[in-house]
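Here the structure is laid out as structure tokens; the discussion comes afterwards.
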Amino acid sequence: MDLRVLGCHGGESPKHQCPAFLLDGRVCLDAGSITNMLSLKEQQKLEAVVVSHAHLDHVRDLAMLADTRTQQGGPPLVIASTPGTIAVLKRHFFNDRLWPDFSKIPGQKNPTVVFQSLKPEIEIELCGFRVKPVTVDHSVEAAAYVVGDGTSSIVYSGDTGPTDRLWDVMKEQDNLRALLMEVAFPNEQAKLARDSCHHTPISLEKELKKLGAKQRDLPVLLFHIKPVFQKAVEQELAKIKARNNTILNIGDQYLL
Ligand SMILES: [Zn+2]
Ligand SMILES: [Zn+2]
């Protein structure tokens, strides 16, 4: 599985981009930075966007992506997520007020986007991948995803604070190659992290202890650091020993 990091931060500047991770050039995990990172041709090749939750830093580029694809024609883009997140996208985003309802454009019979509801912990086939959402603990309905291509699989945490079920589900996975894991704030902002259901390096270290014995050395690819706190969080992460942690950068590519 080819993983390309389009965006991996918890905020935006010319050097920071919101979360979006491209798998094999056709499925994207979250939509924080799709249209400013992919060429028009690459945008056209996308088959689905799997959305962790409806916060803007994870869904914003669905707007321009849908608009451009209407003009490009071709098969509809699948927007897949858990039912609560799909409901928010329909009601508050593609609602003909904030943005046109591209599930009816150009017409009901040939829509630009189709929404696909995913039930937690039910694995489905999506564009050649096996995709399973797992509910995590964030300030709104949010899911992590186990995504596999038959030979390898990865887990994408989305946004979450301390959570339990995800770690149990991971223990059942045999062919896990990497965990994309969020961490947002430095340790001194622990209250803010707790209130907003994100991680600090200390809470992350505690959380990683929930990894099963056979996954102790699993590569952990970290994302969602808030740009203002980038340096502080990086310094604190460097103090976490005995873990296979890597802080992701825009443009990183992995063959997993
Ligand atoms: Zn969030
Ligand atoms: Zn976020």
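The numbering used here numbers the first residue of the sequence shown as 1 and each following residue consecutively.
Beta carbons: idealized from backbone N, C-alpha and C, even for Gly.
Bear in mind that the values here come from a model prediction, so they are computed numbers and not experimental data.
Setting aside the 5 residues that flank it on each side, G74 is surrounded in the same chain by Q44, each with a C-beta closer than 8 Å to its C-beta; the list follows chain order.
Counting the other CB atoms within 10 Å of its CB gives T200 a total of 16 or more, which places it among the buried residues. A54 and F94 have their C-alpha atoms spaced approximately 12 Å apart. L62 and C18 have their C-alpha atoms spaced approximately 13 Å apart. Assignment of V88 by DSSP, reduced to helix, strand and coil, places it in the helix class. Distance from the Cα of D149 is smallest, within the candidate group H224, D174, R97, R243, for D174.
9 Å or more divides the Cβ of V147 from the Cβ of A80. With contacts defined by Cβ atoms closer than 9 Å, D57 and G10 form a contacting pair. With a minimum length of 3 residues, the unbroken runs of beta strand (DSSP E) contained wholly in the stretch 12 to 84 fall at 20 to 23, 27 to 29, 48 to 50, 77 to 81.
Between G161 and R194, the C-beta spacing is below 9 Å. Of the other Cβ atoms in all chains shown, 16 or more fall within 10 Å of the Cβ of H198; this residue is therefore buried. Contact check for L208 and A178: beta-carbon distance about 13 Å, past the 8 Å limit, so the pair fails to qualify.
Residues close to ligand 2 by the beta carbon criterion (under 6 Å to any non-hydrogen atom) are, from first to last along the chain, G10, H55, D57, H58, D159, H224. Judged by DSSP secondary structure, K241 falls outside any beta strand (DSSP E); it is assigned neither H nor E. For S196, the enclosing alpha helix (DSSP H) covers residues 190 to 196. Proximity to K119 across L176, L77, V50, P111 peaks at V50, based on C-alpha coordinates. Counting the other CB atoms within 10 Å of its CB gives A48 a total of 16 or more, which places it among the buried residues. Counting other Cβ atoms within 10 Å of its Cβ, E182 reaches 16 or more and is therefore classed as buried.
Going by C-alpha positions, P186 is about 8 Å away from Q230. The continuous alpha helix (DSSP H) containing P201 extends over residues 201 to 208.
Taking the C-beta atoms as reference points, L255 is found no nearer than 9 Å to V5. Of all alpha-carbon atoms in D168, I250, K90, P76, the one lying nearest the alpha-carbon of L211 is that of D168.
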